[in-house]
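Okay, so the sequence shown: first residue is 73 according to the numbering used here, each after it adds one. From the three backbone atoms N, C-alpha and C, an ideal C-beta is built for every residue, glycine too. Structure record follows, encoded as structure tokens.
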Amino acid sequence: MASVKLVNLYKKFDRVVAVDGVTLEIPDGDFVVLLGPSGCGKTTTLRCIAGLETPDEGEIWIGDSIVNDLPPKDRDVAMVFQNYALYPHMKVYDNLAFPLKMRKVEKGEIDRRVKEVADLLGISHLLDRKPRQLSGGEQQRVALGRAIIRRPRVFLMDEPLSNLDAKLRLFMRAELKRLQRELKTTTVYVTHDQAEAMAMADKIAVMNKGKVQQYDDPNTIYSRPANAFVATFIGSPPMNMIKAAIKQVGGNVVLDAGSFSYTLSPEYSEAVLKGAQSSEAFLGVRPEDIRITLEKAGSSVFQSEVYVVEHQGANLVVDLKIDSEIIKAITSPLPLQIGQKVWVGFEESKIHIYDGKTERLLV
Ligand SMILES: Nc1ncnc2c1ncn2[C@@H]1O[C@H](COP(=O)(O)OP(=O)(O)OP(=O)(O)O)[C@@H](O)[C@H]1O
Ligand SMILES: [Mg+2]
């Protein structure tokens, strides 16, 4: 086991900057997820750690040493790919045994380890089959088994569950998390699925355009997104972002969204005035933090019109029209009709205000 550290990693393909100054510290034994949209540089970052890509700049540390100049086989990492890459002509037993055979491990020891890993992954009954005689989930477990059998210092996993159907994916993600906690092997896991990242990670590095946007535990990523990109990438439906002009009325800041305005407390006003780089802001509020009432209740509420209602499990996702703006709210069941006028409100402690120019969190 070992920690992994990336320092100012930079990788360009022709004119495409795939990884643009990534710095990350992954503590020994942690499960870290690289999360971001397609093309943001997740796989390239992982391949640099594995030694399958050579970075143009930056340092890659595994444990106490820089591994930039070590070939992949000497880095003591195991990579699991999206497409498993099992050897089709070999039985499951030999697929599992292969990494140990390559390292000239003695036969009795190989047999012991294959059986141990097969037992751990619940595939002991499949050892005599060829990969094509296995389901997707079974193949996935064999691929994992092949990665863990030689107990590398680090696991690198690139969307390993993406070929599985939704149900199996949920099952395998729990299995994988449990396995990682049991083995305590430092793991870097790539996905573009935010739910998977939230469910599995000790820490998430949210990436966009080759850069790490935020690196925090899942709870902080969700409750304190550092910028507008992270705020709108995480959550289903994602955070509402309402553009508003920053105005001062009396001593307080008022966010004027045109269709409504929101008066901030002195504390929030001060934070906005101190940090703002422009006269505009984005008012961010998660759908579940919007309160819908049929009658006017409390202050800081705005009238809006029900535009669409969707069922999501026991709750409703309601599209609300405030003038020309549509925001999404999640609510417990209410008798709502399309076109109906309702009142919406949100508490100040639940809102996030981002600078209109830098898109960074102000408060
Ligand atoms: N070998 C290559 N040659 C040229 N460009 C590449 C190469 N590999 C990756 N890229 C480019 O680098 C960028 C980052 O690619 P990368 O595969 O790291 O993204 P990703 O985050 O893994 O995306 P996805 O979620 O689609 O797998 C993309 O613009 C991609 O087109
Ligand atoms: Mg990828």
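Three-state class that DSSP yields for residue i in the structure shown
i: Phe305; result: helix
i: Ser295; result: helix
i: Gln349; result: coil
i: Gly440; result: With the chain represented from 73 up to 435, any question about residue 440 goes unanswered, as that position is not in the structure.
i: Asp191; result: helix
i: Ala246; result: helix
i: Val373; result: strand
i: Arg225; result: coil
i: Asp237; result: coil
i: Tyr340; result: helix
i: Lys145; result: helix
i: Asp274; result: coil
i: His383; result: strand
i: Arg218; result: helix
i: Thr126; result: coil
Residues bridged to residue i [DSSP beta-bridge criterion]
i: Asp427; result: Ala353
i: Asn167; result: Its beta-bridge partners do not exist; DSSP assigns none.
i: Lys202; result: Lys202 is not bridged to any residue.
i: Phe103; result: Thr259
i: Met313; result: Gly356
i: Ile318; result: Leu327
i: Asn80; result: BP columns for Asn80 are empty, so no partner.
CA-to-CA distance, residue j to residue i, given in whole angstroms
i: Leu236; j: Leu242; result: 9 Å
i: Asp328; j: Leu336; result: 11 Å
i: Val105; j: Lys187; result: 30 Å
i: Phe153; j: Pro144; result: 15 Å
i: Tyr82; j: Val91; result: 5 Å
i: Asp288; j: Phe85; result: 29 Å
i: Arg363; j: Ser376; result: 12 Å
i: Ile221; j: Asp136; result: 23 Å
i: Asp183; j: Tyr165; result: 9 Å
i: Tyr340; j: Val435; result: 7 Å
Near ligand 3: residue i beta-carbon under 7 Å from a heavy atom
i: Gly111; result: No copy of ligand 3 occurs in the structure displayed; its ligands are ligand 1 and ligand 2 alone.
>> Please enumerate, following chain order, all residues with a beta carbon closer than 7 Å to at least one heavy atom belonging to ligand 2.
In response: Chain-ordered list of matching residues: Lys114, Thr115, Asp230, Glu231 and Val262.
State whether the stretch 352 to 360 contacts the stretch 312 to 327, with contact taken as three or more CB pairs (one from each stretch) at a distance under 8 Å. Taking a cut-off of 8 Å on C-beta distances, the stretch 352 to 360 touches the stretch 312 to 327, as three or more cross pairs fall below it.
| query | Quick one: any contact between the stretch 252 to 260 and the stretch 224 to 241, if contact means 3 or more CB pairs under 8 Å? | reply | Touching, per the Cβ criterion.
- Any chance the stretch 396 to 409 sits against the stretch 334 to 350, with 3 or more Cβ pairs inside 8 Å? By the criterion of at least three beta-carbon pairs nearer than 8 Å, the stretch 396 to 409 is not in contact with the stretch 334 to 350.
* Asked: Would you call the stretch 296 to 310 and the stretch 330 to 345 touching, i.e. three or more CB-CB distances under 8 Å?
  -> No: the two stretches stay apart, fewer than three of their Cβ pairs being nearer than 8 Å.
Touching by the beta-carbon criterion (3+ pairs, under 8 Å), the stretch 196 to 216 and the stretch 173 to 182:
Short answer: they don't touch.
query = Is it a yes or a no for the stretch 389 to 399 touching the stretch 270 to 289, going by three-plus beta-carbon pairs under 8 Å?
reply = No, because fewer than three Cβ pairs between the stretch 389 to 399 and the stretch 270 to 289 fall closer than 8 Å, the two stretches do not touch.
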